[in-house]
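One structure is given below, encoded as structure tokens.
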Amino acid sequence: MPLPNIISRVFELAAQDGERDESKFYGLYNVLLTYLFSFEEEYIVVPQYKRPTQLTSVDFTTIFLVRYKHHPVFFVEVKSSGSLHHISSRREADLQMRERFERLFEDVEIETLYGVSTMGTKICIYQLDRASRRLDLDAIEGDARFVTDTAPAHRWNVDIMTPEGEEKLQEVVRDIKAMSGGL
């Protein structure tokens, strides 16, 4: 089922202002997730804000956690679209995603926990297999002697505003709902 036109139009408008300001996407991802995972189906979308580790920073991380019957089934981390152009921003996003999987792992009841890192409307989809405890995206080790791109931009290769990207997101949602049905 395609997304309602209003969601697509609002994302297009936000993309104009979201190059540097990720907060332009917060409400939109909240609406999108609430549409995809409805309350009537017993899903709840929980915005979470992670404080910076250094007191001098004001860069909060915003994550939307989707729960089904109190168990995490999906999460989305939101970043500005401009973050895609910076090695350091992608590295930080990748590290934050991996950290979030570790924090949620003990509460996961479905076979696969999906997480999505967004940079505007471009997304990188992560999958954690609960049985093997393996993330599908391998970590790329850095080397202090070199500038290493530990989270290459091509990982954010799905644009949810394209028909192909929308279908990929819907495919993930269908998989999550199929797994959630067993809880």
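Numbering (the numbering used here), first residue to last: -9 to 173. No residue lacks a Cβ here, since even glycine has one placed at the ideal position from N, Cα and C.
The beta carbon of V56 lies closer than 7 Å to those of L23, F27, Y33, V35, V63, F64, F65 in the same chain, with the five residues before and after it left out.
Under DSSP, G105 shares a beta bridge with F65, Y116. Closest in C-alpha terms to V0, from the list G17, F95, D11, comes G17. By the C-beta density criterion, I130 is exposed, having fewer than 16 other C-beta atoms within 10 angstroms. Straight through space, the alpha carbons of Q6 and K14 are spaced by roughly 9 Å.
I34 is bridged by DSSP to R57.
Within its own chain, the residues whose Cβ lies closer than 8 Å to the Cβ of L173, once the five positions on either side in sequence are excluded, are Y58, K59, H61, E99, I100, listed in chain order. Nearest to L127 by C-alpha distance, out of R10, Y104, I(-3), is Y104. By the CB criterion at 8 Å, R81 and A141 fall inside the cutoff.
Between S70 and G110, the C-beta gap is smaller than 8 Å, which places the two residues in contact.
Shown here, D149 sits in a strand according to DSSP, grouped into three states.
In the DSSP assignment, Y19 is bridged to no other residue. Between the alpha carbons of R124 and S170 lies a gap of roughly 20 Å.
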